[in-house]
């Protein structure tokens, strides 16, 4: 081996010049044949160039020599990490360690490799072995390896299935007591392990005694950690009076804005009252009196600081306490209304005021109370000589009024209210002229309320004009507040309803999502993209979002190994819970299935091409079992939308372009490609088993909660296709003709789809629903093409072509194809006419908008006067996106007509 050659390759990799590294590797290998160090570097260069198969092959070749040199080990370690071959990393360092059991560095690397594969029993055994081999090592002076073994037992008890949890936890407890005896437990991290062992056994009282005893005092130096654990364990042990005292001490120690402690105090107080006194006697309860007086005392202390500096928590605590009284007694009084009014007076100029009061507005449980409250609230509105604080208070009051409900009797009154909100917004703009680009205008929330109201009337009347007006209002606001998150996410959903993939994507990019947000927030704009027949945009987005899961698999194990090295054991459980939550995310499955769906559509130029693609699909994302679904976690953040109306149905739910995809959608779009794959592979037994599952799924009553009618119909087509394949296979065995009912059933399903689609108005209702139906029509035709191809090649050999059962299939297939072609022609003519109409509207914004808005001239005039350019731009963007979708669908239809 030439050290110089290896160093040159390493430098190229370090500088991310991977092609140069590969060239240097190949050049060096001509001189130093099969040199393991050079090959290890080459495998690393290849994996960085995403040539995974070749990289893995070379890495395995090098591993056969059981290398022990540091250079080779680290290069292979990096290669195998990128390939996510963690078992091989364990083998790599196990070989190195066993070759020299005195090498503590290799021993550590071996243990760290095991942490990546979640083999907790092997972790424990290895840690104990290290503790024995390196008992006198400076690294193990305070029993680090022994503590690794304890932590491994804790993780085994928590995360390993089918293990004797009680026995393992008992062993962990014995070991932690031994560690205490040897003075290994000296800080919070060691104490954390002890407390975790006790908590996992539900021995909360013992854990609390340890926490507040000598060991706890010795180990915990940061009071916030002790406080957090004290609160948790006092709740677990139901020591309510002690919980009140602990939380009061925390608050009095200069932490008046500790909402968590106030809530805990009030929870504990009312548990004590319910346990000990009748509800009617709460005013005579000593604990209640003491807590109530104490809250008032904290409030008085805050008021001394001046109105601009007072903390909100003590005042929210009073409202929470009064709400609990109402829930307990059933009585609401004027004073409860007054407390809310006082809160608005004190904190109305804070943006959070409305959100603070949102959980408490329900205490106004009568029309009389609500009307009185509104009357007093509206007196606080200031319209002259206003400043920024006045604007914020006015906005909060408007949001409260909107939440409690305005009496709007018809569309005209709604439009007047929208105009008023727009006017209020415009009046605030002069106050925001000096704001930074990243800041929101002070009146932005007026526009959110206006858009919410328009959305309500869209849902009520199905008039697309209200979607356009909501878009125009929010786009107008976005010009002034370029980073307003609410504007963007509402706009994305509204554009999705229109079927506009281009502007939706543009807005999604401007959100600048990072890391975990791809999992929690991407559903806001990706839900319907796989149904628009615009291939590259969703594929790019889905693959970008999938990067977070790859990062999770690569980076989180590194963080865990670092936690072991740093002995920060409290982080390991937290990290593992995060890892599992992300790794089992329902959104990850959806991304993969949506990619499979789009790529299946993309591959459908020829039958051979699509069968080849389907045969290559990884079963991991289509073999969906109940056990698999039970592990899935839904991390999507549904509360990110402003929900400022006292209704069960949220704004997020109102502006979905389709039902939210969940387990039913996952099951259907797992079974469809899986059945098609096994038809391509001619695996009859698997087809039978999966089609039984599909039949059961399609018989469920709640399908429309997640699936569109067109998707259900396509599931039925695949179901009939599979039945035909099974029946044809039986005919091969019995030589008897089958009924071939699948042909007629599929024809009826397709005809119903065509009739449903072509009955729509040509322009005013061209939204996501129409484009989605066109796309699923193409999918349906694709499945029919596969069926026809299968039926055409049903004869096992040339001699059997004249058998009665084969002739029967061919005759019925010919009739079927003739009838199907007629339906496809109707669909094609509809598409062509629709596409011509859409293209004719290019650059005719105003006229087209009026055509969409119909006879509502007053609304048109209002829109044109304020938002003419925005509306024209919105329409032109929509026209471009829809035209692209329809043209793609037309091309696909022409290809299928030729294939038939």
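Residue numbers (our numbering): 55 to 954.
Every residue gets a Cβ at the ideal spot worked out from N, C-alpha and C, and that includes glycine.
Computed from a predicted model, the values in this text were never measured in an experiment.
Check: Under the rule that 16 or more other beta-carbon atoms within 10 Å means buried, what is residue 936, buried or exposed?
Finding: Residue numbering aside, residue 936 sits at position 882 when the chain shown is read from its first letter. Buried, since its Cβ has 16 or more Cβ neighbours within 10 Å.
Next item on the list: Put residue 960 into one of helix, strand or coil per three-state DSSP.
Entry: The question about residue 960 has no answer, for the chain in this structure spans 55 to 954.
Item checked: Close Cβ partners of residue 462 (< 7 Å) along its chain, the five nearest in sequence each way excluded -> Position 408 of the chain shown, counted from the first residue, corresponds to residue 462. Counting only Cβ-Cβ distances below 7 Å, and skipping sequence neighbours, we find 468 and 471.
Next item on the list: Would you mind stating whether residue 618 and residue 205 have Cβ atoms separated by less than 9 Å?
Entry: Taking the chain shown and counting its residues from 1, one reaches residue 618 at position 564. Taking the chain shown and counting its residues from 1, one reaches residue 205 at position 151. Yes, they are a contact pair.
Margin query: With a threshold of 9 Å between beta carbons, is residue 547 in contact with chain D?
Written below: The structure shown contains no chain D, having only a single protein chain.
Next item on the list: Kindly identify the DSSP beta-bridge partner or partners of residue 639.
Entry: Locating residue 639 in the chain shown gives position 585, where the first residue counts as 1. As DSSP reads the structure, residue 639 sits in a beta bridge with 687.
Next item on the list: Taking only the alpha-carbon atoms, compute the straight-line gap between residue 943 and residue 829 and give it to the nearest angstrom.
Entry: Within the chain shown, residue 943 is the residue found at index 889, counting from 1. Within the chain shown, residue 829 is the residue found at index 775, counting from 1. Their Cα atoms are separated by approximately 7 Å.
Checklist line | Coarse secondary structure for residue 584, derived from DSSP in three states | finding: The count along the chain shown starts at 1 and reaches residue 584 at position 530. Reduced to three states, the DSSP call for residue 584 is helix.
Notebook entry, point to check: With a Cβ-Cβ cutoff of 9 Å, do residue 714 and residue 873 count as a contact?
Noted result: As a working mapping, residue 714 is identified with position 660 in the chain shown. As a working mapping, residue 873 is identified with position 819 in the chain shown. Contact flag unset, no.
Notebook entry, point to check: DSSP on residue 682, reduced to helix/strand/coil?
Noted result: As a working note, residue 682 is residue 628 in the chain shown. Three-state DSSP puts residue 682 in a helix.
Item checked: Proximity winner among 473, 428 and 438, relative to residue 453 (alpha-carbon distances) -> Residue 453 sits at position 399 when you count from the first residue of the chain shown. The residue with the shortest Cα to Cα distance from residue 453 is 428.
Item checked: Other residues of its chain near residue 909: CB distance less than 8 Å, five sequence neighbours each side excluded -> Counting from one through the chain shown, the residue named residue 909 turns up at place 855. Since pLDDT at residue 909 reaches only 45, below the 50 mark, its modelled position is unreliable, and no value is offered.
Next item on the list: Could you check which residue in 367, 319, 375 and 267 has the C-alpha nearest to that of residue 310?
Entry: Translated into positions along the chain shown, residue 310 becomes position 256. It is 367 whose Cα lies nearest to the Cα of residue 310.
Check: When DSSP labels each residue in this structure, what does residue 849 get in the three-state scheme?
Finding: On the chain shown, position 795 is the one that residue 849 refers to. In the structure shown, residue 849 sits in coil (DSSP, three-state: anything other than H, G, I, E or B).
Margin query: Does residue 887 pass the burial test, meaning 16 or more other C-beta atoms within 10 Å, or should it be called exposed?
Written below: The residue you call residue 887 lines up with position 833 of the chain shown. Looking at its Cβ environment, which holds fewer than 16 other Cβ atoms inside 10 Å, residue 887 is exposed.
Next item on the list: Using the Cα positions of residue 702 and residue 716, report the straight-line distance between them to the nearest angstrom.
Entry: As a first step, residue 702 must be located in the chain shown, where it is residue number 648. As a first step, residue 716 must be located in the chain shown, where it is residue number 662. Whole-angstrom Cα-Cα distance: 20 Å.
Checklist line | Those runs of the beta strand (DSSP E) which lie wholly inside the segment 189-245 and span at least 3 residues | finding: Complete beta strand (DSSP E) runs here, min 3: none at all.
Item checked: Sequence-distant residues of the same chain with beta carbon closer than 6 Å to residue 313, five excluded per side -> By one-based count along the chain shown, residue 313 stands at place 259. Around residue 313: 367.
Item checked: Same chain, Cβ closer than 8 Å to residue 327, five either side skipped, listed in chain order -> Reading the chain shown from its first residue, position 273 is the one you call residue 327. If we look at residue 327 and ignore the five residues flanking it on each side, its Cβ neighbours are 333, 336, 339, 341, 342 and 382.
Next item on the list: Take residue 451 and list the residues in its own chain whose beta-carbon comes closer than 8 Å to its own, dropping the five residues that flank it on each side.
Entry: In the chain shown, counting from the first residue as 1, residue 451 sits at position 397. Result list for residue 451: 398, 402, 431, 432, 434 and 435, in chain order.
Next item on the list: Starting from residue 352, trace the alpha helix (DSSP H) both ways and give me its first and last residue.
Entry: Taking the chain shown and counting its residues from 1, the one referred to as residue 352 is at position 298. For residue 352, the uninterrupted alpha helix (DSSP H) segment begins and ends at 340-357.
Checklist line | Residue environment, residue 735, which counts as buried when at least 16 other CB atoms sit within 10 Å | finding: Working through the chain shown from its first residue, we reach residue 735 at position 681. With fewer than 16 Cβ atoms within 10 Å of its Cβ, residue 735 is classed as exposed.
Next item on the list: Give me the Cα-Cα distance between residue 952 and residue 848, rounded to the nearest whole angstrom.
Entry: Residue 952 sits at position 898 when you count from the first residue of the chain shown. Residue 848 sits at position 794 when you count from the first residue of the chain shown. Going by the C-alpha atoms only, they are around 21 Å apart.
Margin query: Measuring only the C-alpha atoms, how far is residue 630 from residue 172?
Written below: Taking the chain shown and counting its residues from 1, one reaches residue 630 at position 576. Taking the chain shown and counting its residues from 1, one reaches residue 172 at position 118. As the crow flies, the alpha-carbon of residue 630 is around 10 Å from that of residue 172.
Next item on the list: Report all residues from its chain with a CB closer than 8 Å to the CB of residue 370; omit the five preceding and five following residues, and keep chain order.
Entry: Residue mapping note: residue 370 aligns to position 316 of the chain shown, counting from 1. Excluding positions up to five away in sequence, the list reads 313, 316, 397 and 410.
Next item on the list: For the alpha helix (DSSP H) holding residue 489, just list the boundary residues, first then last.
Entry: Taking the first residue of the chain shown as position 1, residue 489 is located at position 435. Where residue 489 is concerned, there is no enclosing alpha helix (DSSP H), given that its DSSP letter is neither H nor E.
Item checked: Within the segment 253-331, ranges of the alpha helix (DSSP H) (whole runs, at least 4 residues) -> 258-265, 268-273, 277-290, 294-306 and 313-330
Check: Measuring CB to CB, does residue 833 end up less than 9 Å from residue 712?
Finding: Indexing the chain shown from 1 puts residue 833 at position 779. Indexing the chain shown from 1 puts residue 712 at position 658. Residue 833 places its beta carbon 9 Å or farther from that of residue 712.
Item checked: Burial state of residue 743 (16 or more Cβ within 10 Å) -> On the chain shown, residue 743 is found 689 positions in, with the first residue counted as 1. With fewer than 16 Cβ atoms within 10 Å of its Cβ, residue 743 is classed as exposed.
Margin query: Assuming the contact rule is C-beta atoms closer than 8 Å, residue 93 and residue 116 should be a hit. Round their C-beta distance to whole Å, please.
Written below: As a working note, residue 93 is residue 39 in the chain shown. As a working note, residue 116 is residue 62 in the chain shown. Their Cβ separation, rounded to whole angstroms, is 5 Å, which keeps residue 93 and residue 116 in contact under 8 Å.
Next item on the list: Can you grab the Cα-Cα spacing for the pair residue 880 / residue 890, in whole Å?
Entry: Taking the first residue of the chain shown as position 1, residue 880 is located at position 826. Taking the first residue of the chain shown as position 1, residue 890 is located at position 836. Across the structure, residue 880 and residue 890 are spaced so that their CA atoms are roughly 15 Å apart.
Note to self: What does the Cβ neighbour count give for residue 959, buried or exposed, with the cut at 16 atoms within 10 Å?
What the structure shows: Absent from the model: residue 959. The displayed extent of the chain is 55 to 954, so no value can be given.
Notebook entry, point to check: Who are the near neighbours of residue 779 in its chain, counting only those whose CB is closer than 8 Å to its CB and skipping five residues on each side?
Noted result: Within the chain shown, the letter at position 725 stands for residue 779. Cβ neighbours of residue 779 beyond the five flanking positions: 733, 738, 741 and 844.
Notebook entry, point to check: Cα-Cα, which of 812, 862 and 752 is closest to residue 786?
Noted result: Walking along the chain shown from the start, residue 786 turns up at place 732. Residue 862 is the option with its Cα nearest to residue 786.
Checklist line | residue 277 versus residue 234: straight-line alpha-carbon distance, rounded | finding: Locating residue 277 in the chain shown gives position 223, counting from the first residue. Locating residue 234 in the chain shown gives position 180, counting from the first residue. Cα to Cα, residue 277 sits roughly 22 Å from residue 234.
Notebook entry, point to check: What residues in its chain sit with their C-beta under 6 Å from that of residue 174, if we drop five residues either side in the sequence?
Noted result: Start at 1 with the first residue of the chain shown, and residue 174 comes out as number 120. Contacts found: 206, 209, 210 and 214.
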